[in-house]
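Peer 1:
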Amino acid sequence: MFCPECGATDVEMIDGICKNCFLKKFQLMEIPENITVTICKHCNAKLEEGKWKDEYIPEEEIIYRALERNITISDLAENEEIELEIDQMRGTIAECYVEAVATVLGEEVVETHTPDVKINYSVCPDCSKRNAGYYEAVIQLRADDRELEDEEIATAEEIINRTLDNQFKKDKLAYIPQVAKLKEGNDYYIGSLKSAKKVVEHLKEEFGGTTKESPRLISEDKSTGKGLYRIWIALRLPKFVKDDFVKYHDNVYQVSDVDGNRIQVINLENQDIIAL
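Add 5 to a position in the sequence shown, counting from 1, and you land on the number used in this note's numbering.
So, in structure tokens, the structure goes:
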């Protein structure tokens, strides 16, 4: 047997040619010269196969992952190592360097490529909704038969902001596009109904009170014929607050705890605790 490429005889043949000629032609790695990635310019969410994925990773990491996803290494390779570098950014194009080192048929093979990764900036649906001031729910913060105290409002808004910050990690519509300050209380417009309900849950843990949900039809989904609703959630804080004094059966009590419509009070004369 002889190699038709170089004429070598009495050598190991692979695919009809000698090993040396095979390795000269061998392609260790395949990667497109041009790769395109679409990301949201506001939140860095990435569009893959028609779906937006929220990964909250830096743009540089998005480029590296795009390179990794588009690399194919030959099945003949063993102990492969891949090095990725971004040489420079030219506008929205990252000029990259990719080097692969592997053992093939007992020999070390090194191969390099210089692909470009182009970033297309777009706006994901959630950010588009945020920019338009979209909301799914309104939390109506009220007090029963009294005005809200400034301290209650401050505490409530701290809870609202903290809850939405935590929710934002998994819900990009966990935000407040609008606050309406009214004589009877405050209305907090919340982008996501799910996050609004989580906020109300935490507010009730802090203040007690009662809730009532009122859906309002805003439009109709033309594709399904189903109505699209916004939900108004009225959270009414109890009439009494902790440390208030109340008179009950000719005795004076001090409020020690509030839970929904019930209050726990202490008799100031004998320190007995009862629920009203």
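Yeah, the Cβ is synthetic: ideal placement off N, Cα and C, and Gly gets one too.
Is the CB-CB distance between P130 and I36 below 9 angstroms?
Peer 2: Their beta carbons are not under 9 angstroms apart, which means P130 does not touch I36 by this criterion.
Peer 1: Can you look up I62 in the DSSP assignment and give me helix, strand or coil?
Peer 2: DSSP places I62 in coil when its eight states are reduced to three.
Peer 1: For S197, is the classification buried or exposed, using 16 other Cβ atoms within 10 angstroms of its Cβ as the cut-off for buried?
Peer 2: Buried, by the Cβ-count rule.
Peer 1: Which residue marks the beginning of the alpha helix (DSSP H) containing K202, and which one marks its end?
Peer 2: That run of the alpha helix (DSSP H) goes 198-212.
Peer 1: With distances taken between CB atoms, is the gap from I236 to A107 smaller than 9 angstroms?
Peer 2: In this structure, A107 does not lie closer than 9 angstroms to I236 by Cβ.
Peer 1: Using the Cα positions of N271 and D150, report the straight-line distance between them to the nearest angstrom.
Peer 2: Residue identity check: residue 271 is Ile in the sequence provided, not Asn. If you take the alpha carbons of I271 and D150, they lie about 22 angstroms apart.
Peer 1: Grab the span of the alpha helix (DSSP H) containing E163 for me, first residue to last.
Peer 2: Segment 155-172, the alpha helix (DSSP H) holding E163.
Peer 1: Along the chain, where does the alpha helix (DSSP H) that runs through D131 open and close?
Peer 2: 130-136 is the extent of the alpha helix (DSSP H) around D131.
Peer 1: Starting from F31 and walking both ways along the beta strand (DSSP E), at which residues does that stretch end?
Peer 2: It is not in any beta strand (DSSP E) - F31 carries neither H nor E in the DSSP assignment.
Peer 1: Quick check: what's the CA-CA separation for A161 versus Y140?
Peer 2: Each residue's alpha carbon lies about 19 angstroms from the other.
Peer 1: Residues bridged to E113 by DSSP?
Peer 2: According to DSSP, E113 bridges with T108.
Peer 1: Can we say the stretch 87-107 touches the stretch 45-61, given the rule of at least three CB pairs closer than 8 angstroms?
Peer 2: Judged by Cβ distances under 8 angstroms, the stretch 87-107 makes no contact with the stretch 45-61, as fewer than three pairs qualify.
Peer 1: On the three-state DSSP scale, how would you describe R70?
Peer 2: It is helical.
Peer 1: Please report how far the alpha carbon of L169 lies from the alpha carbon of I278, in whole angstroms.
Peer 2: Going from the Cα of L169 to the Cα of I278 covers about 37 angstroms.
Peer 1: Might you give, ordered along the chain, the residues of its own chain that have their beta carbon closer than 6 angstroms to the beta carbon of V115, omitting 5 neighbours on each side?
Peer 2: Result list for V115: V106, in chain order.
Peer 1: Where M94 and A50 are concerned, what is the direct C-alpha to C-alpha distance, given to the nearest angstrom?
Peer 2: Distance between the alpha carbons of M94 and A50 is about 20 angstroms.
Peer 1: With respect to 8 angstroms, is the separation between the Cβ of K134 and the closest non-hydrogen atom of the ligand SAH below this value?
Peer 2: Only the bare structure without any ligand can be found here, which leaves the ligand SAH out of the picture.
Peer 1: Under 8 angstroms by Cβ, that's how I've got L240 and V205 pegged, so tell me the actual separation to the nearest angstrom.
Peer 2: So it is a contact: roughly 6 angstroms between Cβ atoms.
Peer 1: Restricting to Cα atoms, I'd like to know which of T77, K244, I40, R167 is closest to I67.
Peer 2: When each option's Cα is compared against that of I67, the closest is I40.
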